[in-house]
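To start, the structure itself, in structure tokens.
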Amino acid sequence: MRKLPLTSCAFVLLSSWPAFSAALPAPVAFQTVPEIMVQFDDASEYRKKAVTLGRLPHKVEIGKAFPTYVAGDNGKPALETENTVTDKVVIARNPSPVVGAVYNEWLVPKEAWLTTYGELPMFDTFMPFKRIKSIKAIPITEEILRLLGSLDGETAVIEVEWNDAGMKVYREGYLTDGGYGIAPEEMQQTYEKVELR
């Protein structure tokens, strides 16, 4: 009787194992969901109370992956998105770190930055900018998560213009009329409600 090597047996067993895909759900364009969009009619307006730091990309960053981190449930930074740096973006940063020396930094198209902050950064070092534009935002409830196709009742993935993989949003966070989400901690720490007169 001929014996098969252990690696051959393992290969045969694993190759016959059913394939399971751990693929994330496709990002949802929430702007196409009428039950969500109608909530923006009566949504509160918010303005960022903290300054946002902004800078131009360094030449060595162009074409490279740029991670955006948020605070994770375990007290460690959690990767939210990863995008590619181009010469058509501004690198934005919240002044306070998410955890330790890890900052919440993200890429903003220059046109959007100009509309939001009124002027572009001139250098590749961070400078403070005050937001001039307000946003409308709605809370992310269990119902919103269901409409977004949440698999766990805590998070969902929305379509955003700057990342084909989408952006993860969280229960008790917010969806904005600008087409992105704001994590609960970020909303509490950096935004204030605009009092209408």
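Numbering (mature numbering (1 follows the signal peptide of the UniProt record, and there is no 0)), first residue to last: -21 to -1, 1 to 176. Ideal Cβ positions, reconstructed from N, Cα and C, are used throughout, including at glycine. Treat the numbers as computed from the prediction; the structure is a model and nothing was measured.
The segment 75 to 88 makes no contact with the segment 113 to 130: fewer than 3 CB pairs, one atom from each, lie closer than 8 Å. In this structure L127 touches F9 by the C-beta definition: roughly 6 Å separates them, less than 8 Å. Uninterrupted beta strand (DSSP E) stretches at least 3 residues long and entirely within the segment 2 to 88 occur at 23 to 27, 31 to 34, 44 to 50, 56 to 63, 68 to 78, 81 to 88, given in chain order.
Looking at the DSSP output, M146 bridges to I137.
Residue pairing of E122 in beta bridges, as defined by DSSP: absent, with no partner found. Separation of the CB atoms of P100 and L35 is rounded to 5 Å, and the pair is thereby assigned contact status at 8 Å. Between G33 and A71, the CB-CB gap stays under 8 Å.
Taking A135 as reference, the option from W141, R125, N142 with the minimal CA-CA separation is R125. A straight-line Cα-Cα distance of about 8 Å links E140 and G158.
Note that the C-beta distance between P6 and E138 is below 8 Å. Looking at the DSSP output, Y170 sits in a beta bridge with K27. Judged by their CB atoms, K43 and V64 are nearer to each other than the 8 Å cut-off. The secondary-structure analysis by DSSP pairs P100 with nothing; it has no beta-bridge partner. According to the DSSP secondary-structure assignment, A116 is paired through a beta bridge with S23, T155.
Residues of the same chain with a CB within less than 6 Å of the CB of G97, apart from the 5 flanking positions on each side, are I111 in chain order. With fewer than 16 neighbouring CB atoms inside 10 Å of its own CB, P107 falls in the exposed class. When the alpha-carbon of E84 is set against those of S75, K27, E164, the nearest one is in S75.
Looking at Y149, L154, S23, the one whose alpha-carbon comes closest to that of A50 is Y149.
Taking the CA atoms as reference points, I161 sits about 19 Å from V17. Beta bridge pairing from DSSP links F108 with T31.
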